[in-house]
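Colleague:
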Amino acid sequence: MRRFWGLKQWPWIVRMGFIALLYLLIYFGRPYFKSFVFSLAMFATLSMAWNLVGGFLGYVSFGHVMFWGIGAYVTAILLKLGWSLPLALLSGGIVSMTVAVIIGMSTLKLSGVYFAIGTLAAAEGLKILAAYLKNITGGGGGFYLPPVLDLQTCALLMCTVCAAFYVVLCYLSNSKYGKLIQAIRDDEQAAVALGIHVFQVRLRVFLLSALFAGLAGGFYMINTSFINPATAFDISITVRMLVMTLLGGIGTADGPIIGTTFYMIISELLWVRFPEIHKIMLGILLVIMVLFARGGIIDLARRVKVHVSS
Amino acid sequence: MTLIYGNLLTHGVILGLLYALQAVGLNMIWGVLRVVNLSHGDMLIYGAFLSYYIWTVLHNPFWGLLIIPPLFVCCSVLIFPLFFQLLGKEMESLLLSFGLSYILTNAGIYIFGPQFQSLHYLEQIINLGGIYLTLNKIISAFLTIVIIVNIFVFLKYSRYGVMLRAVVEESSLAAMRGINTRFVLFMGFSLAVVLTGITGLLYSLSYAFSIFSGQQLLLKCFAVSVLGGLGNMLGSLVAGVFLGLSESLLAYCIDAHLAELLSFLVIIVVLLVKPEGIFGGRR
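Structural data, given as structure tokens:
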């Protein structure tokens, strides 16, 4: 295999081709495809954010949707106050990070069970809080925003953020810092014995995850122009992040993107025909993935490759 | 003025006892399978809906005390092997229970509908020296206490309770002594599931519920478990009553929404300050 900058060539050609395809769809596709690519990029960002915590740290977050919701709310409120767009989006991410600091400080020192409890509780609590603070968030009725950007620009920006996050994740999974994170996940005590500041590393990774989830929320807000507490802290979105990540392959950089693409295509073709029971099917898919196919598509491909070559 | 507070305290304690019973079920599953059962709230609401339908058909929800246990044991026969397969894998079993919760909620919307339901059974008001209570609240509080005492006695003194604790403490050693560990674990699990269903029945007697209440009840259950220490039964009893009391006082003195937020604050603050719970116990 020829190498280029120390990397195998053909996977990178496939990846670049995929990103190029998305950009082409945004530029030349019908509005349906533009909106499809927007959702794809948003969910890919979200599931990569979840994967960063669930896959790389081994801490399962059941309330990751809250960072998305916070990002959406903060961006909306700041835009209404007359802030400029980039500043509002960035602030959305930063406020998400602040919330992540509070949750991380209290739960990342403990075992994964407490992290699961803490995140699930925080998402529910923030939903109640968003409905309670009527003067700021508009309460249960939701928050409206006049349209800021057109669909094409939105999708373009979202795609760029997604690609940037993907590059960060690739760097993380190959770099020394990434190995450090994996070492902590695989054997915490050995990592502590080697002098790694475990809690600090975990908190940093959690913050990065929250930042990008918050950004994705901000973009959702400027695209949709409406948010209410039930959507912003909807547990279904967390479930979707989980399913997409597990479908692709948990703990890998490519997994979430592969999983999201598969999931989005399946749901566009199949599940829109069963609007009443598709959430039940989503739950059943999650259970089946957990029980029988924890590695996802990437693991399956690896096994097939081993089987063929041997 | 004192009468208002007397009423608030009584209702708070009754609510708190229900929270405690619910948390005891959660802690039992945690003790048995080392998994925080995220589908706990949904199981409880299924019990509540069952009692609602029993009330509409038979006009007496207490038939549920006979109908719910066998039904819930059948369900746990189906669910237990899934959890048992993932025993010791923290992350996977959490994901499994989360998936189950999602299935149960959405199947519940499909089966029961999203609207609120409430029972109207034994609603005559009784005056206990200025403290007003409906008869069903008194009965549900009484039953709650009876069940909690029974569970404690069962776990502490009965043959199967001792076996269960032995298996949880040291599984391989218990197996060496000829205990069928899988069966004992299944027994503990199904007991906890039945307990959850009964809690749902008691909850449905005095409070309105919808399928979405499950998530909020789970949140309260977490607050109680974290406050009392996960796996500490006595702790969750005290913490449950404490949470019920403070919610009822907070709802009267400040705002009902803040009472909803209280459990969330309790979880974050307790985990930040004293993660092993206020009564010690295992982390």
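Taken in sequence, the protein lines are chains E and P.
Sequence positions in the first sequence follow our numbering and run 1 to 310.
Sequence positions in the second sequence follow our numbering and run 1001 to 1283.
Glycine included, each C-beta is placed from N, C-alpha and C at the ideal position.
In angstroms with no decimal places, state the Cα-to-Cα distance between P/I1054 and P/Q1117.
Modeller: Locating residue 1054 of chain P in the second sequence gives position 54, where the first residue counts as 1. Locating residue 1117 of chain P in the second sequence gives position 117, where the first residue counts as 1. Cα-Cα distance, rounded: 13 Å.
Colleague: Rounded C-beta distance between P/L1096 and P/L1086? I'm assuming under 8 Å.
Modeller: Taking the first residue of the second sequence as position 1, residue 1096 of chain P is located at position 96. Taking the first residue of the second sequence as position 1, residue 1086 of chain P is located at position 86. That belief holds up - the Cβ atoms of P/L1096 and P/L1086 are roughly 6 Å apart, short of 8 Å.
Colleague: If the criterion is Cβ atoms closer than 9 Å, does the pair E/C159 and E/I26 meet it?
Modeller: Reading the first sequence from its first residue, position 159 is the one you call residue 159 of chain E. Reading the first sequence from its first residue, position 26 is the one you call residue 26 of chain E. Going by C-beta atoms, E/C159 is nearer than 9 Å to E/I26.
Colleague: At the 9 Å Cβ level, is E/M1 part of the contact set with chain P, yes or no?
Modeller: The residue given as residue 1 of chain E occupies position 1 in the first sequence. Below a pLDDT of 50, predicted positions are generally treated as unreliable, and E/M1, at 46, falls in that range; the measurement from the model is reported next regardless. By this cut-off, E/M1 is not an interface position.
Colleague: Between P/Y1132 and the rest of its own chain, which residues show a CB-CB distance below 6 Å, the 5 nearest in sequence each way excluded?
Modeller: Working through the second sequence from its first residue, we reach residue 1132 of chain P at position 132. Counting only Cβ-Cβ distances below 6 Å, and skipping sequence neighbours, we find I1125.
Colleague: Looking only at its chain, what residues have a beta carbon closer than 6 Å to the beta carbon of P/S1263, apart from the 5 residues adjacent to it on each side?
Modeller: By 1-based counting over the second sequence, the position of residue 1263 of chain P is 263. For P/S1263, where only same-chain residues beyond five positions count, the Cβ hits under 6 Å are L1219, K1220 and A1223.
Colleague: What is the rounded straight-line gap between the Cα of E/F67 and the Cα of P/L1082?
Modeller: Numbered from 1 along the first sequence, position 67 holds the residue referred to as residue 67 of chain E. Numbered from 1 along the second sequence, position 82 holds the residue referred to as residue 1082 of chain P. Looking at the two C-alpha atoms, the distance is approximately 31 Å.
Colleague: Could you give the distance in angstroms between the alpha-carbon of P/G1228 and the alpha-carbon of E/L110?
Modeller: In the second sequence, residue 1228 of chain P corresponds to position 228, counting from 1. In the first sequence, residue 110 of chain E corresponds to position 110, counting from 1. Going by the C-alpha atoms only, they are around 16 Å apart.
Colleague: Just the Cα atoms here: how many angstroms apart are E/L90 and E/T224?
Modeller: Counted from its first residue, the first sequence places residue 90 of chain E at position 90. Counted from its first residue, the first sequence places residue 224 of chain E at position 224. Cα-Cα distance, rounded: 18 Å.
Colleague: According to DSSP, is E/T252 helix, strand or coil?
Modeller: Position 252 of the first sequence, counted from the start, is the residue given in the question as residue 252 of chain E. Coil at E/T252, not helix or strand.
Colleague: If you reduce the DSSP assignment to three classes, tell me which class E/I277 lands in.
Modeller: To locate residue 277 of chain E, count along the first sequence from 1; it is residue 277. Coil at E/I277, not helix or strand.
Colleague: Between E/L129 and chain P, is there a C-beta pair that is closer than 9 Å?
Modeller: Translated into the one-based positions of the first sequence, residue 129 of chain E becomes position 129. It does; some Cβ of chain P falls within 9 Å.
Colleague: By the three-class DSSP mapping on this structure, what secondary structure does E/F38 have?
Modeller: Position 38 of the first sequence, counted from the start, is the residue given in the question as residue 38 of chain E. E/F38: helix per DSSP, three-state reduction.
Colleague: Could you tell me which of E/F33, E/A88 and E/I265 sits nearest to E/L151, measuring between CA atoms?
Modeller: Taking the first sequence and counting its residues from 1, one reaches residue 151 of chain E at position 151. Among E/F33, E/A88 and E/I265, the Cα nearest to that of E/L151 belongs to E/F33.
Colleague: Which chain P residues are close to E/F262, counting only those with a beta carbon under 8 Å from its beta carbon?
Modeller: Stepping through the first sequence from its first residue, residue 262 of chain E is reached at position 262. Those within 8 Å of E/F262 in chain P number zero; the least Cβ separation is about 18 Å.
Colleague: What residues are listed by DSSP as bridge partners for P/T1134?
Modeller: Walking along the second sequence from the start, residue 1134 of chain P turns up at place 134. P/I1125.
Colleague: To the nearest angstrom, report how far apart P/S1158 and P/F1152 are at their CA atoms.
Modeller: The sequence position of residue 1158 of chain P within the second sequence is 158, counting from 1. The sequence position of residue 1152 of chain P within the second sequence is 152, counting from 1. Approximately 10 Å between the Cα atoms of the pair.
Colleague: Since P/G1064 contacts P/L1201 with CB under 8 Å, what's their CB separation in whole angstroms?
Modeller: Numbered from its first residue, the second sequence carries residue 1064 of chain P at position 64. Numbered from its first residue, the second sequence carries residue 1201 of chain P at position 201. Right, their Cβ atoms sit about 5 Å apart.
Colleague: Check the Cβ-Cβ distances between E/R273 and every residue of chain P, and say whether any is below 9 Å.
Modeller: Indexing the first sequence from 1 puts residue 273 of chain E at position 273. No, no contact with chain P.
Colleague: Grab me the residues of P/I1179's own chain with a C-beta within less than 8 Å of its C-beta, minus the 5 sequence neighbours each way, in chain order.
Modeller: Translated into the one-based positions of the second sequence, residue 1179 of chain P becomes position 179. The answer, listed in chain order, is M1163, A1166 and V1167.
Colleague: Tell me the DSSP secondary structure of P/Y1207 in three-state form.
Modeller: Here residue 1207 of chain P refers to the residue found at position 207 when the second sequence is read from its first residue. In this structure, P/Y1207 counts as coil in the three-state DSSP scheme.
Colleague: What residues from chain E crowd round P/E1260, counting only those whose CB sits closer than 7 Å?
Modeller: Within the second sequence, the letter at position 260 stands for residue 1260 of chain P. Near P/E1260 (Cβ distances below 7 Å), the residues of chain E are I128.
Colleague: Taking only the alpha-carbon atoms, compute the straight-line gap between E/L270 and E/A131 and give it to the nearest angstrom.
Modeller: For this step, residue 270 of chain E is matched to residue 270 along the first sequence. For this step, residue 131 of chain E is matched to residue 131 along the first sequence. In a straight line, the C-alpha of E/L270 is about 34 Å away from that of E/A131.
Colleague: P/Q1215: buried (16+ other C-beta within 10 angstroms of its C-beta) or exposed?
Modeller: By 1-based counting over the second sequence, the position of residue 1215 of chain P is 215. Buried: at least 16 other Cβ atoms inside 10 Å.
Colleague: Does E/Y132 get closer than 9 Å to chain P when you measure Cβ to Cβ?
Modeller: For the purposes of this step, residue 132 of chain E is identified with residue 132 of the first sequence, where counting begins at 1. By this cut-off, E/Y132 is an interface position.
Colleague: Taking the straight line between their C-alpha atoms, what separation do you get for E/K312 and E/S106?
Modeller: In the structure as shown, chain E starts at 1 and stops at 310, and residue 312 of chain E therefore has no counterpart that could be examined.
Colleague: Is the shortest distance between the beta-carbon of E/M244 and the beta-carbons of chain P less than 9 Å?
Modeller: To locate residue 244 of chain E, count along the first sequence from 1; it is residue 244. Chain P contact via Cβ: absent.
Colleague: Report the residue from P/I1148, P/L1185 and P/M1091 whose alpha carbon sits nearest the alpha carbon of P/F1080.
Modeller: Position 80 of the second sequence, counted from the start, is the residue given in the question as residue 1080 of chain P. When only C-alpha atoms are compared, the closest one is P/L1185.
Colleague: Hey, out of E/I13, E/T245, E/S209 and E/S35, whose CA is closest to E/E268's CA?
Modeller: Here residue 268 of chain E is taken as the residue at index 268 of the first sequence, counted from 1. Nearest of E/I13, E/T245, E/S209 and E/S35 to E/E268, Cα basis: E/S35.
Colleague: Taking a Cβ distance cut-off of 9 Å, strictly less, list which residues of the region 1101–1127 of chain P are near chain E, in chain order.
Modeller: Against chain E - using a Cβ distance shorter than 9 Å - the residues of the region 1101–1127 of chain P are S1101, Y1102, I1103, L1104, T1105, N1106, A1107, I1109 and Y1110.
Colleague: Would P/L1217 pass as a contact of E/G125 if the rule is Cβ separation under 9 Å?
Modeller: Counting from 1 along the second sequence, the entry for residue 1217 of chain P is found at position 217. Counting from 1 along the first sequence, the entry for residue 125 of chain E is found at position 125. Cβ atoms of P/L1217 and E/G125: not closer than 9 Å.
Colleague: Give the residues of chain E in contact with P/I1267, contact being defined as C-beta atoms less than 7 Å apart.
Modeller: Within the second sequence, residue 1267 of chain P is the residue found at index 267, counting from 1. The answer, in chain order, is I117, G118 and A121.
Colleague: Could one say the Cβ of P/P1069 lies closer than 9 Å to chain E's Cβ atoms, at least one of them?
Modeller: Within the second sequence, the letter at position 69 stands for residue 1069 of chain P. False, the Cβ-Cβ gap to chain E never drops below 9 Å.
Colleague: Rounded to the nearest angstrom, what separates E/G104 and P/N1060 at their Cα positions?
Modeller: The residue you call residue 104 of chain E lines up with position 104 of the first sequence. The residue you call residue 1060 of chain P lines up with position 60 of the second sequence. Each residue's alpha carbon lies about 48 Å from the other.
Colleague: Quick check on P/V1226 - is its C-beta less than 9 Å from some C-beta in chain E?
Modeller: By one-based count along the second sequence, residue 1226 of chain P stands at place 226. Yes, because at least one Cβ of chain E sits closer than 9 Å to the Cβ of P/V1226.
Colleague: Taking C-beta to C-beta, are P/L1100 and E/V287 nearer than 9 Å?
Modeller: Stepping through the second sequence from its first residue, residue 1100 of chain P is reached at position 100. Stepping through the first sequence from its first residue, residue 287 of chain E is reached at position 287. Contact flag set, yes.
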